[in-house]
Structures are given as structure tokens and as C-alpha cells.
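First the structure, in the form of C-alpha cells, and then the observations on it.
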Amino acid sequence: MAFDPQRHYPLGTERPDLVRTPGGLTLDQLSLHGEGVTSPELRATPETLRLQAEVAAAAGRAELAANLRRAAELAPLPDATVLAVYTALRPRRSTGEELEGWARQLDEWQAPLTAAFVRDALAVYTERGLLAV
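Read in order, the letters of the sequence shown correspond to residues 6 to 138 in the numbering used here.
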């Protein structure tokens, strides 16, 4: 059955067959008492985040859909890397060169939407004088 973002929300009840953990477990295989279930298995996968983005877009929530698409790009990256990018995006924390470096790195990591977001922030920070010196 094809995924219909207007009919298949919430995914966990309407289409649990589409939701898997990073290790491939299905929702019915997860429990807090389950053996072999570790914290990495409780992370959202890029696939699930992209499906949630479709749901948000179908509901007219364009900004939420964009956030979920960027989250899907970032999901495979280590937590420390994601936190470093977000720290770099705080006003006056990074130079223009540093933000452009993050954008290039994100492009290399196949995260073009997030790279574009960083470049947009760079343009705004430049205009408003919010870059580190």
C-alpha cells in the first residue's frame, strides 16, 4: 500500500510497517523491557523523519516539513557533530569562514538542505553584524 501522508498519520498507529529503528527493529519488537534494545535503537531514522516531513507538508506546515527534512539529513551524523553545528550557528560564535566551512562539510556529508540553512544564516549574520570577529 502506498504511503498517503494525509491518511496515514500518526505513522505509529496507521502505518507501523513503515517505522523501523536504526537497527531494523519494528515497533512491535520494541519495549522498555526488551532485551537487546539499546538507546541507539530508540533514535528516529532518516526514513521516518522524511515520512513525517511528508505528513507536515500535506497538513500545510511547510516550516515543520523543512525542519524534519533537515533532521533526516542530520540523523546519521554523530551527536557531537550536530551539537557543534548548532553551537556554531549561535550569534557571534563563528566567523563567516567557519560557517562556510560547516556548510561545505555538510554538503560532503550529503546534507544539502542543512548546508543551505547554514549559508542562509551566514548571509543574515553578515547583514546584521552577528559574526564573530
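C-beta atoms are modelled at their ideal positions from N, C-alpha and C, and glycine is treated no differently.
In the DSSP assignment, what are the bridge partners of residue i?
i	result
R66	R66 is not bridged to any residue.
R98	None; R98 has no bridge partner.
DSSP state of residue i, grouped into three classes?
i	result
T31	strand
R74	helix
R55	helix
The alpha helix (DSSP H) that contains residue i, what's its start and end?
i	result
E132	117-133
Q110	101-113
D84	84-93
E46	It is not in any alpha helix (DSSP H) - E46 carries neither H nor E in the DSSP assignment.
L23	Per DSSP, L23 belongs to no alpha helix (DSSP H) and is neither H nor E.
Under the rule that 16 or more other beta-carbon atoms within 10 Å means buried, what is residue i, buried or exposed?
i	result
Q57	buried
A61	buried
>> For the pair the segment 44-61 and the segment 21-28, tell me if three or more CB-CB distances fall below 8 Å.
In response: Taking one beta carbon from each stretch, the segment 44-61 and the segment 21-28 have 3 or more pairs nearer than 8 Å; the two touch.
> Is the segment 76-96 in contact with the segment 29-40, if contact means three or more CB pairs nearer than 8 Å?
Replying inline: With the cut-off at 8 Å, the segment 76-96 and the segment 29-40 do not touch.
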